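Data first, discussion second: the structure below is written as structure tokens.
Residue numbers (our numbering): -16 to 800.
This is the structure we're talking about:
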């Protein structure tokens, strides 16, 4: 099962790449609560000016991380703050020994092999191996489903000519404020091919499977990938690598195109007549800051041995695997295999050596080497020798002497005497104290097994002693094709960031041959999570669900896949969630609501908070110079209070709601408090008309004149009076048709609101402000909820104490108490 599939709709991709700023899907914000509509529209504020962009904070190296790691290690690696894998994983002067070669081969979990050829006549010389133009779909799929390719130290080594690795490249950029200012995450497959066609190089192919990026990683940001030599640099050469934009990397997830890389070894300084060189290679990725990360080392060996076919005088192979030949007793169809008797003989020699002929001359138990167990223990391997050596002749002679001492079967088809270990190995019959076996077998089966052995030497590029080794494995039944085991291959995707209450997407993948595989996501709190926090998955069985948590902190999410046959496979990632401040709004009072002095003002401020059933703190400030500030705690989702204003004014009430993690939501509302006994007011005079004050004619330059008189004559009704305004030498003229309220403050400020008509008959509303000492005025005229028709001080503030009135050129503001 593949949870990620490549698409084919290129037109959609092209359009997406033109507008993409982050390939990861945007997460939806939680819905805002509905605010009650005000009973009367306030004077419209001009279009808000954009807040200056916050200066980016510096990168914090101690928190940022990057790497190029096996897929199974990605979650743990990303969680290591400050991790930068910027140096090669091996000393470039390191010399690989044959013994090191064997130790590394043993550590591989890949059960690779080269099976015996399909027929004795065609099996003497296997076809030479050359890399394909692009990876075959069969091997690409096999690699995608290989557990070793994602988890094994040396990748998936199918045999000495085919290798692959599933990797994760990541770069998380964290600034000094703790915010993730940029990221990239790429799931890559790297496939390598050896060869024995007379050329000393290897070809590698890479392509991304998933690409995510955002912040300082934009579609035009370039990231470079290469396959590089890690040691023996003087005799190993590499290409320049492939540098692509993030948009181009993303495009490859749709097109499926492969990038091509080559490593070559010239043989200079190689050991022996074969000019053997053992090297290490690795993958290298260079991020936007120019810092590289490496994945490796992986072993490869090149030689110029002349004892293979004339077209195979040079080769390069992967050596991180235990080479072994397989024989089997029974074919898939239940018939006897073509080398059945030889396989039986070798199994007996490996498992029951003392039941074989001849016994050791010294009478001690025989220890016959060469059995494949997956391990590389001392003195257990077989080592190939030339048929032109004295050792080979001694092996043949010793075998013949032993065969002459046992009877030849009369009822066997062309009986031939078979020996194990083989005569072409250093461990043959002529070497040592007699740890070998001989047995008569049918001639056709002996010849088939011998042809298979010679073909195997060619197919697995087995060099002569001391450069190489191999084992032999005997199976009951004919093997498959050497594919990786069937365990599900699981990735939990990149570590994710988001907000509490937000549905954060997870990018898990599960690959398995079984359609019955069952996926399951689980979560556990890690750091900074309150007791009782809860998380839910949109679909815990889907590879890429969303997770929503009701608290901030770090959570570990784990994706487990179970195919019902193999042990379940799991992979983990972290989800780091920031606290979301409460969202508060005034339900009561409404904006610009009018109150008489000494009337009670009831306050009700509902708020939403992701975290339920936890204590929040309410703090209200009634805008009276800090004299009326109150705080209390609540477990509900409402802050309620009441207050009495004993003096006229315009008050901006502020409610601050703080959650248990320190996040604060702020709501404000402007109320108007009048005192019918507070005094009367007159404003008569002029002020300048700044550019833009009159929306219909922003370049008008004439002065603005105002004439206003207002007073309360009763304690229950609106004030009486008149307001007139006009612009000198211009058609703008306003005259009131009624007053709504008058505010006269104790600190000699006045504000009056009313209804009016313009010279062209347009019905409008207005607010006129006046300040004493020095005398200053502001006039705001609007129609409905559109932009202000006139405003000579477009500050966006309407609280009488927060405005910026303009100095009068003539006349005065007069207040009578």
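Yeah, the Cβ is synthetic: ideal placement off N, Cα and C, and Gly gets one too.
Predicted model, so just to flag it, every value in this text is computed and none were measured.
message: In chain order, what are the residue ranges of uninterrupted alpha helix (DSSP H) at least 4 long that sit wholly in the segment 621 to 699?
response: none
message: Looking at the strands, I want to know which residues DSSP matches up with residue 739.
response: 719, 747
- request: Have a look at 461, 283, 457, 495 and flag the residue whose alpha-carbon is nearest the alpha-carbon of residue 327.
  value: 457
query: What's the gap between the Cα of residue 683 and the Cα of residue 675?
result: 8 Å
- prompt: Between the segment 716 to 735 and the segment 789 to 798, do three or more beta carbon pairs fall short of 8 Å?
  reply: yes
field: Per DSSP, cross-strand counterpart(s) of residue 508
entry: 538
field: Same chain only: Cβ atoms within 6 Å of residue 127, ignoring 5 sequence neighbours per side
entry: 494
task: Please look up how many angstroms separate the CB atoms of residue 865 and residue 653, rounded, as I've assumed it's under 8 Å.
output: This structure does not reach residue 865, given that the chain is present from -16 up to 800, and the question cannot be answered.
- request: Take the Cβ of residue 140 as the centre, count every other Cβ of all protein chains shown within 10 Å, and call the residue buried at 16 or more, exposed below.
  value: buried
query: So, residue 278 versus residue 169, is the Cβ gap smaller than 7 Å?
result: no
task: Tell me where the alpha helix (DSSP H) around residue 441 begins and ends.
output: 426 to 442
message: So, under 8 Å CB-CB, residue 716 and residue 742 are touching, yes? Tell me the CB distance rounded to an integer number of Å.
response: 4 Å
field: Under 7 Å between C-beta atoms of residue 161 and residue 148
entry: no
- prompt: With a CB to CB cut of under 6 Å and the five nearest residues on each side skipped, what residues in its chain are close to residue 258?
  reply: 250, 287
- prompt: Per DSSP, which one or two residues make a beta bridge with residue 260?
  reply: 285
task: Could you check the C-alpha separation between residue 178 and residue 539 for me, to the nearest Å?
output: 44 Å
query: Using the C-alpha atoms, what's the distance from residue 304 back to residue 207?
result: 29 Å
query: Got a sec, what are the start and stop residues for the alpha helix (DSSP H) residue 379 sits in?
result: 373 to 386
query: Going by DSSP, which residues form a beta bridge with residue 774?
result: 763
- request: Please state whether DSSP places residue 402 in a helix, a strand or coil.
  value: strand
- request: Give the straight-line distance between the Cα atoms of residue 655 and residue 630, rounded to the nearest whole angstrom.
  value: 11 Å
- prompt: In the DSSP assignment, what are the bridge partners of residue 319?
  reply: 313
- prompt: Which whole-angstrom value is the C-beta distance of residue 500 and residue 471, which I expect to be below 8 Å?
  reply: 6 Å
task: Pull up the distance between the alpha-carbon of residue 28 and that of residue 513, whole angstroms please.
output: A caution first: residue 28 carries a pLDDT of 40, below 50, which makes its placement in the model unreliable, though a value can still be read off. Cα-Cα distance, rounded: 42 Å.
- prompt: Quick one: any contact between the segment 587 to 604 and the segment 657 to 677, if contact means 3 or more CB pairs under 8 Å?
  reply: no
- prompt: What's the C-alpha gap between residue 706 and residue 694?
  reply: 12 Å
field: Own chain residues within Cβ distance below 6 Å of residue 385, not counting five before or after
entry: 341, 421
- request: Just tell me which of 507, 549, 543, 521 has its CA closest to the CA of residue 535.
  value: 507
task: Measure the alpha-carbon distance for residue 10 versus residue 310 and round it to whole angstroms.
output: With a pLDDT of only 33 at residue 10, under 50, the local geometry of the prediction cannot be trusted, and no value is derived from it.
field: Residues that residue 556 bridges to, as DSSP identifies them
entry: 540
message: Less than 7 Å between the C-beta atoms of residue 782 and residue 635, yes or no?
response: yes
- request: Taking residue 686 as the reference, give the member of 709, 692, 511, 703 with the closest Cα.
  value: 709
- prompt: In its own chain, which residues sit with a C-beta less than 6 Å from the C-beta of residue 113, not counting the 5 before and 5 after it?
  reply: 178, 180
- request: State the Cα-Cα distance for the pair residue 245 and residue 216, rounded to the nearest angstrom.
  value: 14 Å
task: Measure the CB-CB distance between residue 722 and residue 737 and report whether it falls below 7 Å.
output: yes
- prompt: Does DSSP classify residue 368 as helix, strand or coil?
  reply: coil
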